[in-house]
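Visitor:
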Amino acid sequence: MTTDRLRADGVETARPGAGPPALVATKVTKTFSGTTVLKGVDLEVRSGEVHGLVGENGSGKSTFIKVLAGYHAPDDIPETEIVVHGESLPLPLDPDRQRRRGVVFVHQDLGLVESATVTENIRLRTRRVRPGWRVSWREENRHVASLLARFGLDVAPGRPVAELSQVQRAQVAIVRAFDQLGDATRGLLVLDEPTASLPRDGVDQLFATVRQVAATGVGVLLVTHRLEEILDHTQRVTVFRNGSVVECAPTASLDEAALTELILGQPLDEFYPAPHEPREEVIAEFVEVQGSDVRPTSFTVHRGEVVGVTGLIGMGWDELPYLLFGARRATGGVIRTASGGQTRLRSLTPRQAMGLGFALLPADRLVEASVQSASVRENLSIATVGRYFRRGRVRRRLEAARVGLLLDEYDVRPRGTERPLSTLSGGNQQKVLIAKWFETEPELLLLHEPTQGVDVGAQSQIYQRIRDAVRAGLGVVLASAEYEHLPHICDRVLVFREGQVVSELSGQDMNRSRIAGDCLRPSTEPR
3 MTTDRLRADG
13 VETARPGAGP
23 PALVATKVTK
33 TFSGTTVLKG
43 VDLEVRSGEV
53 HGLVGENGSG
63 KSTFIKVLAG
73 YHAPDDIPET
83 EIVVHGESLP
93 LPLDPDRQRR
103 RGVVFVHQDL
113 GLVESATVTE
123 NIRLRTRRVR
133 PGWRVSWREE
143 NRHVASLLAR
153 FGLDVAPGRP
163 VAELSQVQRA
173 QVAIVRAFDQ
183 LGDATRGLLV
193 LDEPTASLPR
203 DGVDQLFATV
213 RQVAATGVGV
223 LLVTHRLEEI
233 LDHTQRVTVF
243 RNGSVVECAP
253 TASLDEAALT
263 ELILGQPLDE
273 FYPAPHEPRE
283 EVIAEFVEVQ
293 GSDVRPTSFT
303 VHRGEVVGVT
313 GLIGMGWDEL
323 PYLLFGARRA
333 TGGVIRTASG
343 GQTRLRSLTP
353 RQAMGLGFAL
363 LPADRLVEAS
373 VQSASVRENL
383 SIATVGRYFR
393 RGRVRRRLEA
403 ARVGLLLDEY
413 DVRPRGTERP
423 LSTLSGGNQQ
433 KVLIAKWFET
443 EPELLLLHEP
453 TQGVDVGAQS
463 QIYQRIRDAV
473 RAGLGVVLAS
483 AEYEHLPHIC
493 DRVLVFREGQ
503 VVSELSGQDM
513 NRSRIAGDCL
523 RPSTEPR
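Following the numbering used here, the numbering of the sequence shown begins with 3 at its first residue and continues without gaps.
(1) Quick check: the Cα distance between P42 and G36, rounded to an integer number of angstroms?
(2) Tell me the start and end of each unbroken beta strand (DSSP E) in the region 50-124 that is at least 3 residues and wholly inside, in chain order.
(3) In the DSSP output, which residue or residues are listed as bridge partners for L155?
(4) Determine the burial state of R469: buried for a count of at least 16 other Cβ atoms within 10 Å of its Cβ, exposed for fewer.
(5) Would DSSP call Q170 helix, strand or coil?
(6) Could you check what DSSP says for A376 in three-state terms: helix, strand or coil?
(7) Quick one: residues in its chain with C-beta nearer than 6 angstroms to the C-beta of A179, no 5 flanking neighbours on either side, listed in chain order?
(8) Less than 8 angstroms between the beta carbons of G72 and K63, yes or no?
(9) Nearest-angstrom Cα distance between A402 and G477?
(10) Starting from the Cα of A251, find the closest Cα among G245, N244, Q268 and L233 and give me that residue.
(11) From G357, L362 and A332, pick the residue whose C-alpha is nearest to that of R348; which is it?
(12) Count the other CB atoms, across all protein chains shown, that sit within 10 Å of the CB of V503; report buried if there are 16 or more and exposed otherwise.
(13) Which of the three DSSP states is assigned to A474 in this structure?
(14) Taking C-alpha atoms, which residue in A361, A365 and G60 lies nearest to I384?
(15) Kindly list the residues whose CB is nearer than 7 angstroms to the CB of Y465, restricted to its own chain and excluding five residues on each side of it in sequence; keep chain order.
(16) Three or more C-beta pairs under 8 angstroms: does that hold for the region 205-223 against the region 139-148?
(17) Note the first and the last residue of the continuous alpha helix (DSSP H) segment covering T302.
(18) If you reduce the DSSP assignment to three classes, tell me which class L347 lands in.
(19) Just the C-alpha distance for V26 and S90, rounded to the nearest angstrom, thanks.
(20) With DSSP as the reference, please indicate the residues paired to L362 in a beta bridge.
(21) So, at 7 angstroms on beta carbons, what are the nonlocal neighbours of S424 in its own chain, with the 5 sequence-adjacent residues on each side left out?
(22) For L448 versus V479, is the C-beta spacing smaller than 8 angstroms?
(23) Relative to the alpha-carbon of S372, which residue among G388, I315, K433 and T345 has its alpha-carbon at the smallest distance?
(24) Taking the DSSP output, what are the residues bridged to L496?
(25) Are there 16 or more other CB atoms within 10 angstroms of the CB of F34, so buried, or fewer, so exposed?
(26) Quick one: any contact between the region 332-345 and the region 284-297, if contact means 3 or more CB pairs under 8 angstroms?
(27) Do you know how far the Cα of L95 is from the Cα of V220?
(28) Could you tell me if D511 is buried or exposed, where buried requires 16 or more neighbouring beta carbons within 10 angstroms of its beta carbon?
(29) Could you tell me which residues DSSP puts in a beta bridge with V247?
(30) Where A186 and R101 are concerned, what is the direct C-alpha to C-alpha distance, given to the nearest angstrom?
(31) Could you give the DSSP three-state label for P252: helix, strand or coil?
(32) Could you pull out every residue in the same chain whose Cβ sits closer than 7 angstroms to the Cβ of S462, ignoring the five residues on either side in sequence?
(33) Alpha carbon to alpha carbon, what distance is there between S167 and T226?
(34) Give every residue of the same chain whose Cβ lies closer than 6 angstroms to the Cβ of G429, excluding the five residues on either side of it in the sequence, and list them in chain order.
(35) From which residue to which residue does the alpha helix (DSSP H) around F273 run?
(36) Drop a sphere of 10 angstroms on the beta-carbon of F327, count the other beta-carbons inside from all chains shown, and report buried for 16 or more, exposed for fewer.
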């Protein structure tokens, strides 16, 4: 097989396009209840390339992936065809047949069994069974050890997945998919938001594994909302908008502004809200805050101010919002509020924090921030349900009416109040959760990665909502590793290293390169 070398990491890589394409999808159309969500989509993934697929929530990406997976059947249109490595597949697609033909998926939730070992997860579908239905786990562990070594993963085959980091879990899921391909030169690996729950400084490790998979000749289709991942790690990108392909271009021909404009279908001028001057009034003063990863740290938040906190994962910034809300136990520090009150952080509970006018939106939307199986109405009103109590009963009609108004106000789609939250896209779920906390009329909003796993259109709407509330006097502590966004939405940025603030940036000093540099600069002070 003809190869080129990627000099960045020394991996000998299959030249994209050598051999038949990994995937050719032609005229894929899908209609639900009279609404066409895929309108004759054409998409090609070449062998050995990493191909990006982007678009706003509702653009048709998820439906297209579900068609490939055999979850949805495409409309019965004569021109519709899906070809994998030169072989036309019968429609509708069958998931088991897809896997045998070399089409495998890694979804956002990874699909790993945490209580099982790395070997048990990787070999779940492919383990060798001896006569008498016996499995030689020594052989299985040896096979997995060889596979892990091939991809440079320093993980013991017998280690429970529950003990792995998020990055290691994602890498194990990708290695498992590669193992399922069998003939590794004739595969298609579909990555559906694999980095949504990963820390930014772990993403490069994951994509080193992805590049190694592509180097074998496997085509990789990457679906992600993180545009920098598209720009840094793909060779070509296809853009969906309103169920149609609006562009398929070499990634090198685009920058983030051009790609965002293709996704939104309009200029980028108003992506970030206009800034304003914070007020002098202090909402809260945090003195000597201390936790398991945070060394004694002091700062204030003014009314109408967004204070960003950032750093590398494990440096303490990502623990801070939870300490300030009592969601994690602080080991020291006090809160002083504008009223003159003082609260010890060691004894702070979330109920007490809400009494101070604080609200917290965690980064883990699926587990910590919502109840996925509950309805949109229940998730949105759970923090304010007391408003709807009359004589010991909840007035559901009044509650539903208010929730319906909020869904309109926050542009949540679709609008149904009783549908499970899990049926909404990530961006629309996040709008519901933002609305939930704004309904409490907080004085201080604590946010951890509020636009994680959210498309660019929803990101812009969320930033605008935050800024509108800040103009009205809300204070915000925004913890995020998205260095590129912080200068546009924050008034100050506190950079953490080794559990403490090492720089406070504002004005012209508050830019992406300075923030990243201060995060990465090694600390010379002993801990």
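Where a beta carbon is used, it is the ideal one built from N, C-alpha and C, also for glycine. Bear in mind the structure is a predicted one, so any value in this text is a computation, not a measurement.
Guide: For this structure:
(1) The residue given as residue 42 occupies position 40 in the sequence shown. The residue given as residue 36 occupies position 34 in the sequence shown. Looking at the sequence shown, residue 42 is not Pro but Gly. Rounded to whole angstroms, G42 to G36 spans 15 angstroms at the Cα level.
(2) At a cut-off of 3 residues, the continuous stretches assigned as beta strand (DSSP E) that sit fully inside the region 50-124 are 52-56, 83-86 and 105-108.
(3) Indexing the sequence shown from 1 puts residue 155 at position 153. L155 pairs with nothing; no bridge assigned.
(4) As a first step, residue 469 must be located in the sequence shown, where it is residue number 467. Answer is buried; the Cβ neighbour count reaches 16.
(5) Position 168 of the sequence shown, counted from the start, is the residue given in the question as residue 170. Helix at Q170.
(6) On the sequence shown, position 374 is the one that residue 376 refers to. A376 sits in coil when the DSSP states are folded into three classes, being neither helix nor strand.
(7) For the purposes of this step, residue 179 is taken as residue 177 along the sequence shown, with counting starting at 1. Same-chain partners within the cutoff: V106, V108 and L191.
(8) Stepping through the sequence shown from its first residue, residue 72 is reached at position 70. Stepping through the sequence shown from its first residue, residue 63 is reached at position 61. With contacts defined as CB atoms closer than 8 angstroms, G72 and K63 fail to qualify as a contacting pair.
(9) Residue numbering aside, residue 402 sits at position 400 when the sequence shown is read from its first letter. Residue numbering aside, residue 477 sits at position 475 when the sequence shown is read from its first letter. About 29 angstroms.
(10) In the sequence shown, counting from the first residue as 1, residue 251 sits at position 249. Nearest Cα to A251 within the set G245, N244, Q268 and L233: L233.
(11) Numbered from its first residue, the sequence shown carries residue 348 at position 346. Minimum Cα-Cα distance from R348 among the listed residues G357, L362 and A332 corresponds to A332.
(12) Locating residue 503 in the sequence shown gives position 501, counting from the first residue. The residue is buried, with at least 16 neighbouring Cβ atoms inside 10 Å.
(13) By 1-based counting over the sequence shown, the position of residue 474 is 472. Coil at A474, not helix or strand.
(14) As a working mapping, residue 384 is identified with position 382 in the sequence shown. It is A361.
(15) Locating residue 465 in the sequence shown gives position 463, where the first residue counts as 1. Excluding positions up to five away in sequence, the list reads Y274, P275 and I491.
(16) No, the region 205-223 is not in contact with the region 139-148.
(17) The count along the sequence shown starts at 1 and reaches residue 302 at position 300. Taken as a continuous stretch (DSSP letters only), T302 belongs to no alpha helix (DSSP H), being part of the beta strand (DSSP E) at T299 to H304.
(18) Here residue 347 corresponds to residue number 345 of the sequence shown, with the count starting at 1. If DSSP states are grouped into helix, strand and coil, L347 belongs with the helices.
(19) Along the sequence shown, read from residue 1 onward, the residue named residue 26 stands at position 24. Along the sequence shown, read from residue 1 onward, the residue named residue 90 stands at position 88. Answer to the nearest angstrom: the Cα atoms are 9 angstroms apart.
(20) Walking along the sequence shown from the start, residue 362 turns up at place 360. The partner list for L362 (beta bridge, DSSP) reads L448.
(21) On the sequence shown, residue 424 is found 422 positions in, with the first residue counted as 1. These residues qualify, in order along the chain: Q374 and S375.
(22) For the purposes of this step, residue 448 is identified with residue 446 of the sequence shown, where counting begins at 1. For the purposes of this step, residue 479 is identified with residue 477 of the sequence shown, where counting begins at 1. When the beta-carbon positions are compared, L448 and V479 come within less than 8 angstroms of each other.
(23) Working through the sequence shown from its first residue, we reach residue 372 at position 370. Considering only alpha carbons, the answer is K433.
(24) To locate residue 496, count along the sequence shown from 1; it is residue 494. Bridge partners of L496: V311 and E506.
(25) The sequence position of residue 34 within the sequence shown is 32, counting from 1. Exposed, by the Cβ-count rule.
(26) The way I'd put it, the region 332-345 does touch the region 284-297; three or more beta-carbon pairs between them come closer than 8 angstroms.
(27) Taking the first residue of the sequence shown as 1, we reach residue 220 at position 218. Taking the first residue of the sequence shown as 1, we reach residue 95 at position 93. Between V220 and L95, the C-alpha separation is close to 20 angstroms.
(28) To locate residue 511, count along the sequence shown from 1; it is residue 509. Label assigned to D511: exposed.
(29) On the sequence shown, position 245 is the one that residue 247 refers to. Per DSSP, F242.
(30) Start at 1 with the first residue of the sequence shown, and residue 186 comes out as number 184. Start at 1 with the first residue of the sequence shown, and residue 101 comes out as number 99. Confidence at A186 is low in this model, with a pLDDT of 48, below 50, so its placement is unreliable and the value that follows should be read with caution. Going from the Cα of A186 to the Cα of R101 covers about 12 angstroms.
(31) For the purposes of this step, residue 252 is taken as residue 250 along the sequence shown, with counting starting at 1. P252 falls in the strand class under three-state DSSP.
(32) Here residue 462 corresponds to residue number 460 of the sequence shown, with the count starting at 1. The residues are F273.
(33) Within the sequence shown, the letter at position 224 stands for residue 226. Within the sequence shown, the letter at position 165 stands for residue 167. Taking the straight line from one Cα to the other gives about 20 angstroms.
(34) Taking the first residue of the sequence shown as position 1, residue 429 is located at position 427. The residues N59, V456, D457 and A460, in chain order, have a CB closer than 6 angstroms to that of G429 in the same chain once the five nearest residues on each side in sequence are set aside.
(35) The residue you call residue 273 lines up with position 271 of the sequence shown. If you look at F273, you'll find it isn't in any alpha helix (DSSP H); DSSP assigns it neither H nor E.
(36) Within the sequence shown, residue 327 is the residue found at index 325, counting from 1. Per the 10 Å Cβ criterion, buried.
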